[in-house]
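Written out below as structure tokens is the structure these notes cover.
Residue numbers (this note's numbering): 130 to 372.
Structure follows, in structure tokens:
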């Protein structure tokens, strides 16, 4: 057998410019590989902790939702529930009282304790209770000077927090909306849960100007003292709710 010599390899002579281009490409590829590794190293912890954060947030939201839904909802009995209001002149003993009716609402009860709830009040039902004004037109209270019922027929209160004061009294905090303005209020109340019936009584006094009711307010108008209407409006709430 005759062995034939291998053909000689032809090595191409690389120019200086080609060598520099090849070197730059090699360095760029090496750098990209290192950067990719660094990027992955940095991203792994952030992805890990980011996922944990989302899980914690989801668990927190689920816990809040379950705590609210775990309570029983008692529907407010519109016939048995009523809100009494009282207003007065500032410089005299003249007072006016009346009623306004609840259109719908519910209370959330858990283990005999008030946890939350909402109440809607139909301002169109506002009326006088005192004999002197029993037949007085109520239109002024429904006008833009006061509650502007054409634009804002419904007022609401949404309970956001309940704190125990004593065995018989609680402090209720909620968002009160009147004339499209929402403000947080806190007021004392008494509540009884028995035989599937909730009975609650509370008294709330507000500064009407905080809700844009400024008619004859001494804060905003320079008028005679005997013409000033007190900024305070008192609401006495009697609520009955059932399962």
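For glycine and all other residues, C-beta sits at the position ideal for the given N, C-alpha and C. None of the values given here were measured: they were computed from a predicted structure.
What residue range is occupied by the uninterrupted alpha helix (DSSP H) comprising residue i?
{"i": "residue 271", "result": "268-271"}
Would you mind giving the Cβ-Cβ distance between residue i and residue j, rounded to the nearest angstrom? I have them listed as a contact below 8 Å.
{"i": "residue 100", "j": "residue 235", "result": "An answer regarding residue 100 cannot be provided, because it is not within the stretch 130 to 372 covered by the chain."}
{"i": "residue 320", "j": "residue 369", "result": "At roughly 11 Å, the Cβ-Cβ gap does not stay under 8 Å, so residue 320 and residue 369 are not in contact."}
{"i": "residue 277", "j": "residue 344", "result": "11 Å between Cβ atoms; not a contact."}
{"i": "residue 219", "j": "residue 307", "result": "Their Cβ separation, rounded to whole angstroms, is 20 Å, which puts residue 219 and residue 307 out of contact at 8 Å."}
{"i": "residue 310", "j": "residue 250", "result": "Rounded, the Cβ-Cβ distance is 15 Å, inconsistent with contact."}
{"i": "residue 237", "j": "residue 202", "result": "6 Å"}
Got a sec, what are the start and stop residues for the beta strand (DSSP E) residue i sits in?
{"i": "residue 102", "result": "In the structure as shown, the chain starts at 130 and stops at 372, and residue 102 therefore has no counterpart that could be examined."}
{"i": "residue 369", "result": "361-371"}
{"i": "residue 290", "result": "283-293"}
{"i": "residue 387", "result": "The displayed coordinates of the chain run from 130 to 372. Any statement about residue 387 would go beyond what the structure contains."}
Should residue i be listed as close to the ligand PLP, given that the test is whether its C-beta is under 7 Å from any heavy atom?
{"i": "residue 277", "result": "As far as ligands go, the structure on display features none, and thus does not contain the ligand PLP."}
According to DSSP, what are the bridge partners of residue i?
{"i": "residue 312", "result": "305"}
{"i": "residue 201", "result": "238"}
{"i": "residue 348", "result": "Residue 348 is not bridged to any residue."}
{"i": "residue 214", "result": "227, 364"}
{"i": "residue 321", "result": "328"}
{"i": "residue 299", "result": "293, 318"}
{"i": "residue 358", "result": "218"}
{"i": "residue 233", "result": "249"}
For residue i and residue j, I'd like the C-alpha separation in whole angstroms.
{"i": "residue 256", "j": "residue 339", "result": "22 Å"}
{"i": "residue 185", "j": "residue 199", "result": "Reliability of the predicted coordinates at residue 185 is poor, the pLDDT of 42 falling under 50, and the value obtained from them is presented with this limitation in mind. For residue 185 and residue 199, the distance between alpha carbons rounds to 21 Å."}
{"i": "residue 352", "j": "residue 324", "result": "54 Å"}
{"i": "residue 241", "j": "residue 214", "result": "29 Å"}
{"i": "residue 252", "j": "residue 239", "result": "30 Å"}
{"i": "residue 367", "j": "residue 224", "result": "21 Å"}
{"i": "residue 354", "j": "residue 371", "result": "47 Å"}
{"i": "residue 346", "j": "residue 226", "result": "19 Å"}
{"i": "residue 313", "j": "residue 305", "result": "6 Å"}
{"i": "residue 254", "j": "residue 322", "result": "28 Å"}
{"i": "residue 341", "j": "residue 233", "result": "25 Å"}
{"i": "residue 268", "j": "residue 296", "result": "42 Å"}
{"i": "residue 331", "j": "residue 360", "result": "20 Å"}
{"i": "residue 231", "j": "residue 222", "result": "29 Å"}
{"i": "residue 329", "j": "residue 317", "result": "11 Å"}
{"i": "residue 363", "j": "residue 315", "result": "13 Å"}
{"i": "residue 216", "j": "residue 258", "result": "12 Å"}
{"i": "residue 281", "j": "residue 229", "result": "14 Å"}
{"i": "residue 348", "j": "residue 365", "result": "25 Å"}
{"i": "residue 350", "j": "residue 279", "result": "25 Å"}
Kindly indicate if chain B contains any beta-carbon less than 8 Å away from that of residue i.
{"i": "residue 364", "result": "The structure shown contains no chain B; it is built from a single protein chain."}
Legend entry - the stretch 335-347 in contact with the stretch 291-302 per 3-pair CB rule at 8 Å: no
Inset, instruction - Would you check if the stretch 208-227 and the stretch 286-294 touch, i.e. whether three or more CB-CB distances between them fall below 8 Å? - result: no
Inset, instruction - Evaluate contact between the stretch 273-287 and the stretch 236-249, counting only Cβ atoms and requiring at least three cross-stretch pairs below 8 Å. - result: yes
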